[in-house]
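**Q** In our numbering, the protein residues as written are 501 to 546. For each residue, glycine too, the CB sits at the ideal point set by N, CA and C. On a predicted model such as this, the values are computed, not experimentally measured, just so you know. This is the structure I want to talk about, given as structure tokens.
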Amino acid sequence: PILMLTTESLQAKRQEAKAAGATGWLVKPVQANALMDVVRRVVPGA
């Protein structure tokens with residue numbers, strides 16, 4: 501899994517990241533529960 505942690509929130513940037521292989525996206529500042537939600541979604545058994 502590749503998680504992007506960035507200040508970019510534009511949909512176009514998300515699409516670029518996905519095309520480059522990103523499997524998750526978080527915008528700074530990130531909340532702990534949001535991070536865990538993304539990790540659980542992209543990492544089996546997390």
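Relative to the alpha-carbon of Ala522, which residue among Met504, Gly545, Leu535 and Ala532 has its alpha-carbon at the smallest distance?
**A** In the sequence shown, residue 522 corresponds to position 22, counting from 1. Ranking Met504, Gly545, Leu535 and Ala532 by Cα distance to Ala522 puts Met504 first.
**Q** Helix, strand or coil, according to DSSP, for Leu526 in the structure here?
**A** Within the sequence shown, residue 526 is the residue found at index 26, counting from 1. Residue state, collapsed to three classes: strand.
**Q** Considering only C-alpha positions, which residue in the set Ala546, Gly545, Pro501 and Ala532 is nearest to Ala520?
**A** For the purposes of this step, residue 520 is identified with residue 20 of the sequence shown, where counting begins at 1. Taking only the C-alpha atoms, the option nearest Ala520 is Pro501.
**Q** Based on the DSSP output, what are the partners of Met504 in its beta bridges?
**A** The residue labelled residue 504 in the question sits at position 4 within the sequence shown. According to DSSP, Met504 bridges with Trp525.
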